[in-house]
Amino acid sequence: MKKIISCLVGVTASLLCASAVNAASPERFKGHMMLLADDLLAGRDTGSIGHDFASLYIASELQKMGVAPAGEEGSYYQVVPFKQATLDMSSPKMVVSDGDDSVEFEFMQNMLMSADINDETSSVSGELVFAGFGIDAPYLNYSDYENIDLKGKIAVILSDRPHDFPSEEGSHFRRLIADSLVKSGAIGTIVVSTPTSEKVSPFEKRKLYVKTPSTRWLTKEGEVNNGYPELKGGATLSLEAGKTLFEMAGIDLEEIFEKIENNESLTPRPMGLTASLEKKSVHSETTSPNVVGVIEGSDPELKNEWLCSD
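All the letters of the sequence shown, read from the start, carry residue numbers -23 to -1, 1 to 287 under mature numbering (1 follows the signal peptide of the UniProt record, and there is no 0).
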């Protein structure tokens, strides 16, 4: 049996791993979930009292089951530093111009922004370039970046993906959009809702999360993990606001939606528009623990090998 170190980050995974010592049962699992999923813990957000309580509960269960602590200073806890950013709700502003006329989009009406994890005051201005879905997927022989120049420009992307993409691969490459944008040299993003994204995550529902702090863990050097400081600003537009934006560029967004439904190729291109985006954020730092336990194996040779489960 290999020596197993259980890096118990997720609440459910923690208790599943702990039950390797003490036989699991449906009723035992239900009992854990009854407490950990209760509204009294208020979602167990990172750095919250609810999360700290859940961590204490998991640590106590591991101790009860005889799982040795593997955290800091002989405890079950690995303390992780985080940076949080909360949006100043009075600050977001986005203006788009075609050179003659300008349109200001209304925050919390047809345009949303989230807090900036890197800068408390952030702004970006530049030319707009339609970049399809913003996806670069060489494994699937697909890229929205092949025939466009995004260096120093703001990318306009659709909150969707090619409908013939396999589900898992599609989700994977959408998670890599920020990396792809940074590699392309883009300095900002405007995400436009689509009929499909409205079904999955309606614009009205997204409003509920605007006040939620953005949270990223900090490296040992104090750097924000996956902060993407190269992207100086971003916004999300409602379906109707997206149509307004594309109409300013002389592009029929409904025609693009039809192409998506028919799995036809999109045509990324400059939009002949410029935009300026600005906002303010309030920064703070907090900590939140991982719960870490170790179950030592009995095999004299294999016990020096390690498995990490989260």
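Glycine is no exception: its CB is placed at the ideal position from the N, C-alpha and C atoms.
* Asked: Considering only residues of the region 225 to 287, which uninterrupted alpha helix (DSSP H) runs meet the minimum length of 4 residues and lie entirely inside it, listed in chain order?
  -> Whole alpha helix (DSSP H) segments, 4+ residues: 230 to 238.
* Asked: Excluding five sequence neighbours on each side, which residues of the same chain lie with their C-beta closer than 6 Å to the C-beta of LYS70?
  -> Against the sequence shown, residue 70 aligns to sequence position 93. Only GLU255 meet the Cβ criterion.
* Distance, Cα to Cα, SER37 vs ASP22? -> Residue 37 sits at position 60 when you count from the first residue of the sequence shown. Residue 22 sits at position 45 when you count from the first residue of the sequence shown. Rounded to the nearest angstrom, the two C-alpha atoms are 20 Å apart.
* To do: Please confirm whether HIS140 and ILE237 have their CB atoms less than 8 Å apart.
  => Taking the sequence shown and counting its residues from 1, the one referred to as residue 140 is at position 163. Taking the sequence shown and counting its residues from 1, the one referred to as residue 237 is at position 260. Yes, these two residues count as a Cβ contact at 8 Å.
* Touching or not, the region 204 to 222 and the region 92 to 106, by the rule of three or more beta carbon pairs under 8 Å? -> Yes, the region 204 to 222 touches the region 92 to 106.
* Provide the residue span of the alpha helix (DSSP H) that contains GLU81, from first to last. => Here residue 81 corresponds to residue number 104 of the sequence shown, with the count starting at 1. Element bounds for GLU81: not the alpha helix (DSSP H) but the beta strand (DSSP E), 79 to 82.
* To do: Quick one: give me the first and last residue of the beta strand (DSSP E) that GLU104 is part of.
  => Working through the sequence shown from its first residue, we reach residue 104 at position 127. Residue range 98 to 107 is occupied by the beta strand (DSSP E) that includes GLU104.
* To do: Confirm, please, whether the CB-CB distance from GLY76 to GLY129 is below 8 Å.
  => In the sequence shown, counting from the first residue as 1, residue 129 sits at position 152. In the sequence shown, counting from the first residue as 1, residue 76 sits at position 99. Result no, Cβ atoms of GLY129 and GLY76 do not sit closer than 8 Å.
* As assigned by DSSP and simplified to three states, the class of ARG193 -> Against the sequence shown, residue 193 aligns to sequence position 216. Three-state DSSP puts ARG193 in a strand.
* Considering LEU64, what are the terminal residues of the beta strand (DSSP E) in which it resides? -> Here residue 64 refers to the residue found at position 87 when the sequence shown is read from its first residue. Run containing LEU64: 54 to 64, per the beta strand (DSSP E) assignment.
* To do: Go ahead and label SER275 buried or exposed: buried means 16 or more other beta carbons lie within 10 angstroms of its beta carbon, across all protein chains shown.
  => Locating residue 275 in the sequence shown gives position 298, counting from the first residue. So SER275 counts as exposed.
* Ignore the nearest five residues each way along the sequence and tell me which others in PRO46's own chain have a CB closer than 6 Å to its CB. => Within the sequence shown, the letter at position 69 stands for residue 46. In its chain, beyond the 5 residues on either side, SER52 and TYR53 have a beta carbon closer than 6 Å to the beta carbon of PRO46.
* Decide yes or no for the touch test of the region 240 to 249 against the region 102 to 116: beta carbon pairs closer than 8 Å, at least 3 of them. => yes
* **Of the residues ALA62, ILE233 and PRO179, the one placed nearest LYS257, counting alpha carbons only** => Start at 1 with the first residue of the sequence shown, and residue 257 comes out as number 280. LYS257 has its Cα closest to that of ALA62, out of ALA62, ILE233 and PRO179.
* Asked: Pick from MET88, GLU146, ALA31 and LEU185: whose alpha carbon is nearest that of PRO115?
  -> The count along the sequence shown starts at 1 and reaches residue 115 at position 138. Each of MET88, GLU146, ALA31 and LEU185 was checked against the Cα of PRO115, and the nearest Cα belongs to GLU146.
* **Beta-carbon gap between ILE134 and PHE110 smaller than 8 Å** => Position 157 of the sequence shown holds residue 134. Position 133 of the sequence shown holds residue 110. Taking 8 Å as the Cβ cut-off, ILE134 and PHE110 qualify as a contacting pair.
* Contacting residues, own chain, Cβ-Cβ under 7 Å from SER215 (five flanking each side not counted) -> Residue 215 sits at position 238 when you count from the first residue of the sequence shown. ASN87, SER170 and PHE180.
* At which residue ranges does the region 137 to 201 contain complete beta strand (DSSP E) runs of 3 or more residues, listed in the order of the chain? -> 165 to 169 and 191 to 194
* C-alpha distance - PHE223 paired with LEU230, whole-angstrom precision -> One-based indexing of the sequence shown puts residue 223 at position 246. One-based indexing of the sequence shown puts residue 230 at position 253. Using only the alpha carbons, I get a separation of about 6 Å.
* Buried or exposed: which applies to ARG152, given that a residue is buried once 16 or more other Cβ atoms fall within 10 Å of its Cβ? -> As a first step, residue 152 must be located in the sequence shown, where it is residue number 175. Result: exposed.
* Asked: Do ASN267 and VAL57 have their C-beta atoms closer together than 8 Å?
  -> To locate residue 267, count along the sequence shown from 1; it is residue 290. To locate residue 57, count along the sequence shown from 1; it is residue 80. Going by C-beta atoms, ASN267 is nearer than 8 Å to VAL57.
* Below 6 Å CB to CB, which residues in the same chain sit around PHE84 once its five sequence neighbours on both sides are set aside? => If you number the sequence shown from 1, residue 84 lands on position 107. Here the set comprises PRO69.
* With burial defined as no fewer than 16 other Cβ atoms inside 10 Å of the residue's Cβ, what is the status of GLY24: buried or exposed? -> Here residue 24 refers to the residue found at position 47 of the sequence shown. Under this definition GLY24 is a buried residue.
* Asked: In terms of residues, what are the limits of the beta strand (DSSP E) holding LEU33?
  -> Translated into positions along the sequence shown, residue 33 becomes position 56. Taken as a continuous stretch (DSSP letters only), LEU33 belongs to no beta strand (DSSP E), being part of the alpha helix (DSSP H) at 26 to 41.
* Neighbour-count burial assignment, LYS188, 16 or more Cβ in a 10 Å radius -> Locating residue 188 in the sequence shown gives position 211, where the first residue counts as 1. Exposed, because fewer than 16 other Cβ atoms sit within 10 Å of the Cβ of LYS188.
* Status (buried if at least 16 other CB within 10 Å, exposed otherwise) for VAL168 -> Here residue 168 corresponds to residue number 191 of the sequence shown, with the count starting at 1. VAL168 comes out buried.
* To do: Give me the Cα-Cα distance between THR263 and HIS28, rounded to the nearest whole angstrom.
  => By 1-based counting over the sequence shown, the position of residue 263 is 286. By 1-based counting over the sequence shown, the position of residue 28 is 51. Going by the C-alpha atoms only, they are around 12 Å apart.
* Asked: Between ALA31 and LEU13, is the Cβ-Cβ spacing less than 8 Å?
  -> In the sequence shown, the residue the question calls residue 31 occupies position 54. In the sequence shown, the residue the question calls residue 13 occupies position 36. Yes, the Cβ-Cβ distance between ALA31 and LEU13 is below 8 Å.
* Asked: If you compare alpha carbons, which of GLU278, PRO206, GLY270 and LYS280 is closest to SER33?
  -> As a position in the sequence shown, residue 33 is number 56, starting the count at 1. The question names Ser, but residue 33 is Leu in the sequence shown. Minimum Cα distance to LEU33 is reached at GLY270.
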